[in-house]
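First to last, the sequence lines map onto chains S and W. Mapping of the first sequence onto the working numbering: position 87 corresponds to residue 208, and the numbering continues sequentially without gaps. Mapping of the second sequence onto the working numbering: position 25 corresponds to residue 396, and the numbering continues sequentially without gaps. A virtual CB, placed ideally from N, CA and C, is assigned to each residue, including glycine. Treat the numbers as computed from the prediction; the structure is a model and nothing was measured.
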Amino acid sequence: MLIIFALKIMGKRQISELQTSELVVTLLISNIATIPMQNPGQPLISGAIPIIVLVVFEVIVSIIMLKNSKFRKFICGSPIVVIDDGKIMQNELKMLRMTVEDLFEELRQIDVFSIEDVSYAIVETNGKLSVLKKTGKQPPDASTLGIEVPDEGIDAVVVSDGEISDFSLSLCGLSKEWIDEVLQDENIDISDVFIMTANKEKKYNIIEKEI
Amino acid sequence: MKNKLIIVGAFIVLVLGLCIYEMIAIDKVAAESNEILTSLSNKKYSKNKLTELSEQLYELWKSNMFMMAIFVQHDQIEEVEASLAIIKKSISQGDNATFQNEIARAQILIQGIRDSEFPHIENIL
Numbered sequence: 122m123l124i125i126f127a128l129k130i131m132g133k134r135q136i137s138e139l140q141t142s143e144l145v146v147t148l149l150i151s152n153i154a155t156i157p158m159q160n161p162g163q164p165l166i167s168g169a170i171p172i173i174v175l176v177v178f179e180v181i182v183s184i185i186m187l188k189n190s191k192f193r194k195f196i197c198g199s200p201i202v203v204i205d206d207g208k209i210m211q212n213e214l215k216m217l218r219m220t221v222e223d224l225f226e227e228l229r230q231i232d233v234f235s236i237e238d239v240s241y242a243i244v245e246t247n248g249k250l251s252v253l254k255k256t257g258k259q260p261p262d263a264s265t266l267g268i269e270v271p272d273e274g275i276d277a278v279v280v281s282d283g284e285i286s287d288f289s290l291s292l293c294g295l296s297k298e299w300i301d302e303v304l305q306d307e308n309i310d311i312s313d314v315f316i317m318t319a320n321k322e323k324k325y326n327i328i329e330k331e332i
Numbered sequence: 372m373k374n375k376l377i378i379v380g381a382f383i384v385l386v387l388g389l390c391i392y393e394m395i396a397i398d399k400v401a402a403e404s405n406e407i408l409t410s411l412s413n414k415k416y417s418k419n420k421l422t423e424l425s426e427q428l429y430e431l432w433k434s435n436m437f438m439m440a441i442f443v444q445h446d447q448i449e450e451v452e453a454s455l456a457i458i459k460k461s462i463s464q465g466d467n468a469t470f471q472n473e474i475a476r477a478q479i480l481i482q483g484i485r486d487s488e489f490p491h492i493e494n495i496l
């Protein structure tokens, strides 16, 4: 329970998105937690106190990082440009101890198969590669095509297994009365609804229960 | 952010509170135990007086067992408990050599517990 609570306080991030300090703290926490479990002679508190101290340390460090850019740079490092205007920066790759094969592998994972398509590639502080493709190689979007697309907002699950989600309703700016109206029009009882999704434009989709 | 700071603040208070309580409580038990052990080593006392003192020491240790078990390694507590039991037994058997040895051993063990729980530089390094 303490570990779950500790990780919750530290924030919702995936392992691959962890900064160095967060990764170190996470590994230490998991290591410390096993000590009292392995040794019944060890008091439980001898595992709990270091975990609490590490979490406190991590939260304090993250707050200082948020307020102080120099400290953030010292702890997390800086993003490094590995492809600058289409040119591979060999020194930077060497500094990162990253081979060209590693770079190509990373590029392929984000659907870039030719280095000529890349304008800039940056290795972020969490180790992920961000790529800006050359203008001519970027897929066109609505704005470049000059098409105006109405903002429909996100489709949210407003009814799940017969239960109305107040959070989703507020997200779409809808009300329970609207759901009642829709269900009445469709002649469906709410208890028969498996999933009902809706968006800000009041477009909805209902899937009825099969059983 | 504010909530996290409040939780972190509460954690700091909790940890500091626990550490201070632990140090005070263990220091108190160690001091009281040592006082009784020193009295036990007084050769002028009668067998009845020694039995009474050893009972007193055993009771003191037992009554603080729960608190000690929270903070101290259980092996260390059991070692002291075993030593106190030997002291009691050696008084009833009149085995003076074992009695004196165990008093010295118990003193060292209790002092060891106290020292290991205090934030000395030796403990940190």
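The contact set of S/Val-303 on chain W, defined by CB atoms closer than 7 Å, is empty, because the minimum CB distance reaches about 37 Å. Those residues of the stretch 422-450 of chain W placed with their C-beta closer than 7 Å to a C-beta in chain S are Ala-440, Ile-441, Phe-442, Val-443, Gln-444, His-445, Asp-446, ordered along the chain.
The beta carbon of S/Gln-211 sits no closer than 9 Å to any beta carbon of chain W. Straight through space, the alpha carbons of S/Asp-262 and S/Pro-271 are spaced by roughly 14 Å. Closest in alpha carbon position to S/Gly-248, among S/Pro-171, S/Lys-330, S/Val-202, S/Pro-260, is S/Val-202. Put simply, the CB of S/Leu-128 is far from chain W, with every gap to its CB atoms at 9 Å or more. Here DSSP, grouped into helix, strand and coil, assigns S/Val-203 to strand. Taking CB atoms only, W/Phe-382 has a neighbour in chain S less than 9 Å away. Counting every other CB atom within 10 Å of its CB across the protein chains shown gives S/Arg-218 a total below 16, marking it as exposed. Taken in chain order, the members of the stretch 137-163 of chain S whose beta-carbon sits within less than 7 Å of a beta-carbon on chain W are Gly-162, Gln-163.
Neighbours of W/Lys-375 in chain S, taken as residues at a C-beta separation under 7 Å, are given in chain order as Ile-130, Val-180.
Taking 9 Å as the cut-off, the Cβ atoms of S/Ile-130 and W/Ile-378 count as close. Between S/Ser-296 and S/Leu-290, the C-beta spacing is below 9 Å. DSSP places S/Lys-188 in no beta strand (DSSP E) but in the uninterrupted alpha helix (DSSP H) bounded by 166-188.
For W/Ser-487, the enclosing alpha helix (DSSP H) has its first and last residue at 467-488. Using a Cβ-Cβ cut-off of 7 Å, W/Val-379 is close to Val-177, Val-180, Ile-181 of chain S, given in chain order. The residues Leu-408, Leu-411, Ser-412, in chain order, have a CB closer than 6 Å to that of W/Ile-474 in the same chain once the five nearest residues on each side in sequence are set aside.
Put simply, the backbone Cα of S/Glu-329 is about 18 Å away from that of S/Asn-320. Contacts with chain S at 9 Å (Cβ-Cβ) include W/Met-372. The three-state secondary structure of W/Glu-403, taken from DSSP, is helix. Among the CB atoms of chain W, one or more fall inside 9 Å of the CB of S/Ser-167.
By the CB criterion at 9 Å, S/Thr-246 and S/Pro-200 fall inside the cutoff. As for any beta strand (DSSP E) of minimum length 3 sitting wholly inside the stretch 198-255 of chain S, the runs are 201-205, 239-244, 250-254, ordered along the chain. Interface residue (Cβ-Cβ distance to chain S less than 9 Å): W/Val-400 is not classified as such.
Judged by their CB atoms, S/Val-180 and W/Lys-375 are nearer to each other than the 9 Å cut-off. Contact between S/Val-239 and S/Ile-275 does not hold, since their C-beta atoms are separated by about 31 Å, which reaches or exceeds 8 Å. In terms of Cβ geometry, S/Val-176 and S/Ile-150 form a close pair [threshold 9 Å].
Inter-residue distance for S/Glu-298 and S/Ala-277 is about 17 Å (C-alpha atoms, whole angstroms). Put simply, the backbone Cα of S/Lys-188 is about 21 Å away from that of S/Val-145. For the set S/Asn-326, S/Gly-267, S/Glu-322, the Cα lying nearest the Cα of S/Glu-307 is the one of S/Asn-326.
A straight line joining the alpha-carbon of W/Arg-476 with that of S/Thr-147 spans about 41 Å. With respect to the C-alpha of W/Phe-437, the residue from S/Ile-170, S/Ile-166, S/Val-174, S/Ile-172 having the closest C-alpha is S/Ile-166.
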